[in-house]
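Asks:
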Amino acid sequence: MNEVERYENQLTPGWGKLMMWIFLCSDAMSFAGLLAAYGAVRLGSSDWPNPAQILDVPLTAINTFILICSSVTMVKALSAIKHGNKSGMLLWLAGTILGGATFLGVQAYEWTHLIHEGLTIQGNPFGVSSLFGATFYILTGFHGCHVLSGVIYLLCIFIKGARGGYTAGHNSPVEIAGLYWHFVDLIWILVFTFVYLIV
Amino acid sequence: MPVSSPTDDHAEPNYWMVWLALAVLTVIELVIARVPNAKAFVIVSLCALALAKAALVALYFMHLKFEKSALILIVLSPLLLSAIMYIGLVPDATTHIHWLP
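Sequence order for the protein chains is A and B. In case it helps, the working numbering puts the first sequence at residues 1 to 199. In case it helps, the working numbering puts the second sequence at residues 1001 to 1101.
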């Protein structure tokens, strides 16, 4: 084993996975900053509403469940290709992509409904803090951009997988894409709790 | 030269059990969010449940539980930095500044 190979073996098998983890660390700090700003604005506001009175919590709970399900399909896709099951990987990947697309569709429906009701990034007709809309759209929008990126990312993985790009011995791109997708799920778990559930 | 992954050396977790746990915890969250007149209990419980769910995703779906300890430490560093940031913001946030509309 030469010096480079020994160095590569210290943390992960190859640079791709390590780089994804480091990217996710920096992305986690981005979300931490947004959530911290949300918390500071909310704690400093005397007229913050009960989110359940404005937002559709049951619908978003279902959407949360859909995203959790898409995480399971993602790990099953990785498991399938690790066992050399290409068609299984494609099936589970398709389920993951469908879950992500459904999440985006429900979020688009929710946003459309709220905008029609008058909740915008600048204000609202509910007589509550105008920053409620701003923080809501920025947090859920930033996360939604991640989901959209993830769906496109997974589509690329799916296409390459369909062309036989991955095997039982070469599947790290699927694992790396999975890391990103699970991170998106993890962040949504926090956003759902802080933005939708906490009164 | 192919290199072995630390994550390849462990038995595959029961992903359906993790999925079930996440689903049950989400239902518990929804129930707790509706508990009246117990704001502190609701907030603390919901935060704890959210962190538990996030930990399940990181440990089992992202396979962090099976990674090398050095990588786990690197990955956990944002948590420490976030905690410092949140603690630093508390004095400002709790002074009830009248934010501009």
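Cβ atoms here follow ideal geometry from the backbone N, Cα and C, with glycine treated the same way.
1. Identify whether A/THR140 lies in helix, strand or coil by the three-state DSSP scheme.
2. Going along the chain, which unbroken runs of the alpha helix (DSSP H) with 4 or more residues stay wholly within the segment 1012 to 1085 of chain B?
3. Under a Cβ-count criterion, where at least 16 other Cβ atoms within 10 Å of its own Cβ denotes burial, should B/LEU1073 be classed as buried or exposed?
4. How about A/PHE65: is its C-beta nearer than 8 Å to some C-beta of chain B?
5. Can you list, in chain order, the residues of its chain with a C-beta nearer than 7 Å to that of A/THR224? Leave out the 5 residues immediately preceding and following it.
6. Given a threshold of 16 other Cβ atoms within 10 Å of its Cβ, counted over all protein chains shown, does B/TRP1016 qualify as buried or as exposed?
7. Under 8 Å, Cβ to Cβ, is there at least one residue of chain A near B/PRO1091?
8. I need the DSSP call for A/PRO13, collapsed to helix, strand or coil.
9. What is the DSSP secondary structure of A/THR73, counted as helix, strand or coil?
10. If you check the beta carbons only, do A/VAL186 and B/ALA1052 fall under 8 Å apart?
11. Counting C-beta neighbours from all protein chains within 10 Å, is the total for A/GLN107 16 or more, i.e. buried, or is it exposed?
12. Looking at the structure shown, is A/ASN171 part of a helix, part of a strand, or coil, going by DSSP?
13. Among B/LYS1068, B/LEU1079, B/ASP1092, whose alpha-carbon lies nearest the alpha-carbon of A/LEU11?
14. Under 9 Å between beta-carbons, which chain A residues line up against B/ILE1043? List them in chain order, please.
15. Count the other CB atoms within 10 Å of the CB of B/MET1062; is the residue buried (16 or more) or exposed (fewer)?
16. Can you name the residues of chain A whose CB is closer than 7 Å to the CB of B/VAL1031?
17. Please list the terminal residues of the continuous alpha helix (DSSP H) segment that includes B/HIS1010.
18. Any C-beta of chain B sitting closer than 8 Å to the C-beta of A/ASP47?
19. Suppose the cutoff is 6 Å on Cβ atoms and the five residues either side in sequence are ignored; what does the same chain contact list for B/HIS1010 look like?
20. Taking the straight line between their C-alpha atoms, what separation do you get for A/VAL151 and A/SER45?
21. Would A/CYS156 pass as an interface residue toward chain B - the criterion being a Cβ-Cβ separation below 8 Å?
22. Since B/ALA1050 contacts A/ILE189 with CB under 8 Å, what's their CB separation in whole angstroms?
Replies: Answer, in terms of the structure:
1. helix
2. 1015 to 1033, 1039 to 1056
3. exposed
4. yes
5. In the structure as shown, chain A begins at 1 and stops at 199. Residue 224 of chain A is therefore absent and cannot be evaluated.
6. exposed
7. no
8. coil
9. helix
10. Before going on, a small fix: residue 186 of chain A reads as Leu here, not Val. Their beta carbons are not under 8 Å apart, which means A/LEU186 does not touch B/ALA1052 by this criterion.
11. buried
12. coil
13. B/LYS1068
14. ILE198, VAL199
15. buried
16. Going along chain A, no residue has its Cβ under 7 Å from B/VAL1031, so there is no contact; the nearest lies around 11 Å.
17. Here B/HIS1010 belongs to no alpha helix (DSSP H), and DSSP marks it neither H nor E.
18. no
19. PHE1066
20. 36 Å
21. no
22. 6 Å
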